[in-house]
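Residue 96 is where the sequence shown starts when you use the numbering used here, and the numbers rise one by one after that. The block underneath contains the structure these notes are about, expressed in C-alpha cells.
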Amino acid sequence: MSKQKWELPVAFYFQVKIGNEEFAFKEVTGLSAEIETEPVKEGGVNDFTYLLPKQIKHGNLNMKRALNPINRNDVVWIKKILEGDFSQPIVPRDIIVNLLGQDGTPIYTWTCTQAYPVKWEVGGLDSQANSILIETIEFAYTTLKRS
96 MSKQKWELPV
106 AFYFQVKIGN
116 EEFAFKEVTG
126 LSAEIETEPV
136 KEGGVNDFTY
146 LLPKQIKHGN
156 LNMKRALNPI
166 NRNDVVWIKK
176 ILEGDFSQPI
186 VPRDIIVNLL
196 GQDGTPIYTW
206 TCTQAYPVKW
216 EVGGLDSQAN
226 SILIETIEFA
236 YTTLKRS
C-alpha cells in the first residue's frame, strides 16, 4: 500500500494573472468572503436571537510590488481607470491568484471576477532609506471562487 505524501502549502510561491497576463507581486491579501447576518428576535422568546444570512460580502484585494513603469499593460489599465474622468466605462478584468506547488503547478486557485482598481498608493519616499519603492494596488471584485 502506498501512502500519498501531502505537503503543507507555502505562502511565498504564487502567481497572479490579471486578464490573460501574468504579473509579479510581492504580497497579495484580501482573499476573503463573509456572510452578513441579520438578527431577528422571536416574539415572546427573550433568551436568544436568530441570525439569518443576508448576503455575501468580500474584502478588497490588495497587492504590493515594486513600482512599475507607466507603459506596462496593467499600469495603463489601472491609470486609465484611476486617472480617468468616468467619460469611458470601467472595463473590469478577472484576477486569478494561483498558489503553486514545488513543481510550479497550481495547488489552489482563487478567481476574483469583475475586478477593477479602486486605490493606487505609492510607499513613502525617504532620503535615508535604502529600499525599493513599493506600490499597493487595491481592487474591488464581484465574486471570489476557490478551486
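A virtual CB, placed ideally from N, CA and C, is assigned to each residue, including glycine. Computed from a prediction, not measured in an experiment: that's the story for all the values here.
- Annotation for K240: the continuous beta strand (DSSP E) segment containing it runs 239-241.
- Going by DSSP, N225 is part of no alpha helix (DSSP H) at all; its letter is neither H nor E.
- In the three-state reduction of the DSSP assignment, N168 falls in the helix class.
- Rounded to the nearest whole angstrom, the C-alpha separation of Q183 and I176 is 9 Å.
- Here N168 is exposed, its C-beta having fewer than 16 other C-beta atoms within 10 Å.
- Scanning the segment 136-195 from its first residue to its last, the whole beta strand (DSSP E) runs of 3-plus residues come out as 145-153, 156-161, 188-195.
- Burial state of P212 is buried, judged by a 10 Å Cβ sphere holding 16 or more other Cβ atoms.
- Counted as a single uninterrupted DSSP element, the beta strand (DSSP E) harbouring P212 occupies residues 201-217.
- Under the three-state reduction of DSSP output, F109 falls in the strand class.
- Relative to the Cα of P134, the nearest Cα in the group P104, L147, V123, E178 belongs to L147.
- Taking the Cβ atoms as the reference, V192 lies roughly 6 Å from V111, within the contact range of under 8 Å.
- By the Cβ criterion, the segment 199-208 is not in contact with the segment 222-231, since fewer than three pairs of Cβ atoms, one from each stretch, lie closer than 8 Å.
- About 5 Å separates the beta carbon of L194 from that of F109, a gap short enough to meet the 8 Å contact definition.
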